[in-house]
Structures are given as structure tokens and as C-alpha cells.
Amino acid sequence: MSRVSVACVLATCCAACTSDEKLRTDYLGLEQPSYGFQVRSLGADIAPGEDVEYCEIAELPGDPGQPYYVRTIELANAPSSHHMFVAAAVPGSRADERLRTMNVGDRIPCFSTSTAFPEPGLETVHGIQLPYGRLDMPEGVGREFFGGQRVVFDYHYLNTGTRTIPARSAFNFHLTDGARIQHVARLFGFYNWTIETPAGATSQFTAECRFRNDVKLAGLTRHTHRWGTNFDVWYAGTRDDGHLWTSNDWEHETELLFPEPLLMKAGEGFRFRCGFNNTEDHPLNFGTSARDEMCILFGLAWDAGSSRTIPGQGCDVTWIDEDGVGHPTAVGDGFPPPSAGEEALCRSGSGEEPGKPLDECSACRCSACANIIIKCVADKACLPILQCVQRTRCGDECANMCQAEIDANASAVGLITRVASCIDHECPSCSIQGEAD
Numbered sequence: 061m062s063r064v065s066v067a068c069v070l071a072t073c074c075a076a077c078t079s080d081e082k083l084r085t086d087y088l089g090l091e092q093p094s095y096g097f098q099v100r101s102l103g104a105d106i107a108p109g110e111d112v113e114y115c116e117i118a119e120l121p122g123d124p125g126q127p128y129y130v131r132t133i134e135l136a137n138a139p140s141s142h143h144m145f146v147a148a149a150v151p152g153s154r155a156d157e158r159l160r161t162m163n164v165g166d167r168i169p170c171f172s173t174s175t176a177f178p179e180p181g182l183e184t185v186h187g188i189q190l191p192y193g194r195l196d197m198p199e200g201v202g203r204e205f206f207g208g209q210r211v212v213f214d215y216h217y218l219n220t221g222t223r224t225i226p227a228r229s230a231f232n233f234h235l236t237d238g239a240r241i242q243h244v245a246r247l248f249g250f251y252n253w254t255i256e257t258p259a260g261a262t263s264q265f266t267a268e269c270r271f272r273n274d275v276k277l278a279g280l281t282r283h284t285h286r287w288g289t290n291f292d293v294w295y296a297g298t299r300d301d302g303h304l305w306t307s308n309d310w311e312h313e314t315e316l317l318f319p320e321p322l323l324m325k326a327g328e329g330f331r332f333r334c335g336f337n338n339t340e341d342h343p344l345n346f347g348t349s350a351r352d353e354m355c356i357l358f359g360l361a362w363d364a365g366s367s368r369t370i371p372g373q374g375c376d377v378t379w380i381d382e383d384g385v386g387h388p389t390a391v392g393d394g395f396p397p398p399s400a401g402e403e404a405l406c407r408s409g410s411g412e413e414p415g416k417p418l419d420e421c422s423a424c425r426c427s428a429c430a431n432i433i434i435k436c437v438a439d440k441a442c443l444p445i446l447q448c449v450q451r452t453r454c455g456d457e458c459a460n461m462c463q464a465e466i467d468a469n470a471s472a473v474g475l476i477t478r479v480a481s482c483i484d485h486e487c488p489s490c491s492i493q494g495e496a497d
């Protein structure tokens, strides 16, 4: 594709812009790529005091199916942004089908792209928590996208001022010749959903995640909110290289770039620790509001061998062992089983009548996950979400059908994720989400 033709289709990505704005060479600090293109969100106006996150549909320019090979990605946000992620739907996937039921520029409130659009086939492109971010990939490594491909802007803005502000986002794709790309990279995220810091307290949470394939990495990125203090990373697995990185600034010291790609074998990974100083009068849990906290380790990975692509390498940490280390639900012996007392309490709360056994699904949930279910029921933020999920039997649509409950109780997102993960793993035929009637 020529530079001229790329420039000609740029206008399709900026439907809300005036003619003069389309011709500007600088937008949110992004200059138009000399070989590539820029995509802009339509955005929204954020009223004073609003803390809102939107997922907005966009589309890559060009003829449908036309391949783009990307070596550098730039992202930018307007002032007062909290973070922004971009995700792309794999052509022909269920996620692609879902996004095509909406129009370019449509937006919905969300707390992540994957929960707003949980259908398989949605992949993260890149993200930032500063107004600007840039990702340069090593020689021979890139991302592959296509003309007409649907993408999602996930942007979060917090307006602490007294005037309405514009929420605007954009990204640049800098292209290269496809013959120069031997490996198509993808982002991974290691999420520690278990973080809980009481009001006025400090805390440290350690988790461990490992790769399922031999991969190479370009670098690592930490993500916490403003109460995050230290973020430490160690190697985990068969190698014994010890401590790798410490970051002490949640906003300006977020990336570790390796001078040469780092090889990680299948079964190797990272142990990472997030520290927090809660200066507020309420607990800080894993939540989606700017008033909540997070603990995530991101990175860019590609196949370490001859394969062009790799499967996803993400990891959800949902339980903590007796040594204080968090793990994914399926690691080791799995989610710790409840005590007899916890199981009995769960059964009584499930409406069990004397002499009448629970249905198969309720019995499985109580025998496998009573401890985390009881924790959710006792949490004033988690309970309304759980009740909505059970009432609606929302299936893959929980993030939409229970959006009001989730928005009102954002601090419980980590806890409800742990509940769902336990039940999905231990009782796969009767997930907490179930099937809609």
C-alpha cells in the first residue's frame, strides 16, 4: 500500500472531525505517520465529577482484508485521562460478529473491553496510563492487522475539575513490509485479582504466573493506580536468575525494556509483588474505577521458535496459598476447598430444605467454592452483582445485563471475578453465569 493511499483513507477514521481538523498533522500530540495511518475516537464530553469508562467502536481504514504489518504503535489521550486500551477483533471471530452489530462511533459504558465484549476473538493491541505511549517492536517482529478490521477504544476519564472536558483518544500505526515480519507478537496480562488493602493501611501482594509456550519478550509494564508504591518482579520456574526489576513510581516508571529479547521457556514466568499505601478512609480492592486499585503485569510476547504466531499467554490470579503467594485457579491443587462449616453455611443460604438435597449445580458450587461465595455475599459491593448474575442468568452478556450493578459496585470486580473463576473451573457444566432462560 502506498503512502498516498493510506493518507487518502485516513478521513474515514475521523468521522466527527471538521475538514480542517482532518488535515492537521498533529492531534493529541500525534503526528501523522509518514508510512501508516492514524485512527481517532469520536470521544465523549465528561461532566465535572464524572468518573467514566467507555468502549467505543472504530474501524481500520482500507479495503477489507488488506493486510497491514505494524512495527510501531503510538497511543495518545486528552488531559484528565486515566488510561486507554485498544483492542482488535480477529476477522470472522464471534467478537468480530458482535462488533459489526454496532456502528462505528457507537460507545457503551464498560469496565474493560473483554467484559463489554466477552465473545472469543478480541485481542489487546496496546494500552497507556499516561497521555502518550509508544511501542517499538524488535527487528523481524510486528503485529498484523487488516483493512476494515473492527477495533475498540477503551478510554477512562476522571474529571476532577469544574468544567466539562473532552475525552478524546487516538493511535498511530507505523507500517513496514510484510516480508520483514517473521513473528506476529501479542500482548499478555498477568492479573492479580486478590488485592485488598484496608483503609489507612499498607499492603504487599505477591503472585506468580507462567508461560504456556516458549516465548520471547520485548519488555514488561506495570499497572497500578495512584496508591501503588513498589512493584517488584522476579523470575519464576526452572531458571534461577532472581530479582529482575523494581519500580517505585506508578505513573512515570512503568516500563522495563530489555536490551535484547528475553527468552522464557514454557513453564517459566514471573513472580510479581504490588505494594500499596491506602491513604483513604475506605478499603482499596481490585476494581475498575479510578477510586479503586489494580495489580497487573503486562508484556509483549512472540514465539521463540519458528512459529509465526502464539496462543494467548494471559493469567488470572484468584487464590492465595499458605505462603502468601497468589496463583491461577487451575494451578497446583486448584482453588482451596471450603471447610465443612463454610459448605454448610453455603448450603443453608442456597435454600436447602431438610431432607431435600440441592440441585447438582448448587451442590457443586457449595462443595467447591463456598469460601469465596460467602466472602462475596458478605461484601456489600459484591452481593448486588452476584444477585444480578443469578437473577438474570446472563451467560456471556453479564457485563451488559448487569452493567448498572457493576458500575455502582466497581470495587467488587476482583472479588466477583474470583467467584466466577472458581465456579467455572470446579463446576464447568453449571457456571455462575449459567445459560439464559
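The numbering of the sequence shown is our numbering, which starts it at 61 and goes up by one. Beta carbons: idealized from backbone N, C-alpha and C, even for Gly. What you are looking at is a predicted structure, and each value in this text was computed from that prediction instead of being measured.
Residue range of the beta strand (DSSP E) that residue i falls in?
i           : result
residue 276 : 275–283
residue 460 : Element bounds for residue 460: not the beta strand (DSSP E) but the alpha helix (DSSP H), 458–461.
residue 480 : Per DSSP, residue 480 belongs to no beta strand (DSSP E); it is in the alpha helix (DSSP H), 473–486.
residue 251 : 246–252
residue 310 : Looking at the DSSP string, residue 310 is not in any beta strand (DSSP E), and its letter there is neither H nor E.
residue 293 : 288–296
residue 380 : 375–380
residue 385 : 385–388
residue 264 : 262–270
Give me the Cβ distance between residue i and residue j, rounded to the nearest whole Å; I'm assuming they're in contact under 8 Å.
i           : j           : result
residue 122 : residue 207 : 3 Å
residue 470 : residue 347 : 4 Å
residue 136 : residue 191 : 6 Å
residue 245 : residue 187 : About 15 Å; that fails the 8 Å criterion.
residue 357 : residue 332 : 5 Å
residue 297 : residue 329 : 6 Å
residue 170 : residue 214 : 7 Å
residue 343 : residue 266 : The pair is not a contact, with the Cβ atoms about 19 Å apart (cut-off 8 Å).
residue 378 : residue 481 : 5 Å
Just tell me which of the options has its CA closest to the CA of residue i.
i           : options               : result
residue 251 : 185, 448, 215 and 345 : 345
residue 395 : 384, 432 and 360      : 432
residue 210 : 170, 196, 183 and 187 : 183
residue 435 : 474, 448 and 453      : 474
residue 88  : 343, 478, 141 and 253 : 141
residue 237 : 459, 118, 132 and 472 : 132
residue 367 : 103, 379, 276 and 110 : 276
residue 299 : 334, 292, 324 and 305 : 324
residue 232 : 312, 102 and 146      : 146
residue 397 : 409, 382 and 280      : 382
residue 458 : 91, 174, 217 and 312  : 174
residue 319 : 199, 385 and 98       : 199
residue 110 : 162, 292, 350 and 337 : 350
residue 290 : 314, 272 and 161      : 314
residue 161 : 221, 326, 116 and 385 : 116
residue 225 : 365, 103 and 385      : 103
residue 373 : 285, 327 and 204      : 327
residue 363 : 247, 151, 149 and 158 : 247
residue 185 : 453, 489 and 144      : 144
Please report the distance separating the alpha-carbon of residue i from that of residue j.
i           : j           : result
residue 462 : residue 261 : 31 Å
residue 429 : residue 472 : 17 Å
residue 242 : residue 369 : 9 Å
residue 269 : residue 223 : 43 Å
residue 450 : residue 125 : 41 Å
residue 239 : residue 465 : 49 Å
residue 477 : residue 254 : 10 Å
residue 81  : residue 100 : Reliability of the predicted coordinates at residue 81 is poor, the pLDDT of 45 falling under 50, and the value obtained from them is presented with this limitation in mind. Between residue 81 and residue 100, the C-alpha separation is close to 11 Å.
residue 193 : residue 447 : 39 Å
residue 405 : residue 388 : 25 Å
residue 421 : residue 455 : 15 Å
residue 337 : residue 263 : 7 Å
residue 235 : residue 93  : 9 Å
residue 229 : residue 287 : 25 Å
residue 279 : residue 360 : 7 Å
residue 302 : residue 295 : 6 Å
residue 307 : residue 96  : 33 Å
residue 424 : residue 403 : 10 Å
residue 401 : residue 418 : 17 Å
Check for me: the alpha helix (DSSP H) holding residue i runs from which residue to which?
i           : result
residue 431 : 420–438
residue 406 : 400–409
residue 315 : Note, residue 315: premise wrong, no alpha helix (DSSP H); beta strand (DSSP E) at 315–324.
residue 451 : 442–452
Measuring from the CB of residue i, is there a heavy atom of the ligand ADP at a distance below 7 Å?
i           : result
residue 105 : Ligands are entirely absent from the displayed structure, and the ligand ADP is therefore not among its contents.
For residue i, decide whether its Cβ has a neighbour in chain B, counting only Cβ atoms nearer than 8 Å.
i          : result
residue 91 : Within the model displayed, chain B is absent; a lone protein chain is all it includes.
Problem set entry | Length at least 3, wholly inside the region 100–172: the beta strand (DSSP E) runs in chain order | Taken in chain order, the whole beta strand (DSSP E) runs of length 3 or more contained in the region 100–172 are 104–106, 111–119, 127–137, 141–149 and 167–169.
For this session: Can you check the region 170–239 for any alpha helix (DSSP H) of at least 4 residues that lies completely inside it and give the ranges in chain order?
Result: For the region 170–239, whole alpha helix (DSSP H) runs of length 4 or above, ordered along the chain, are 173–176.
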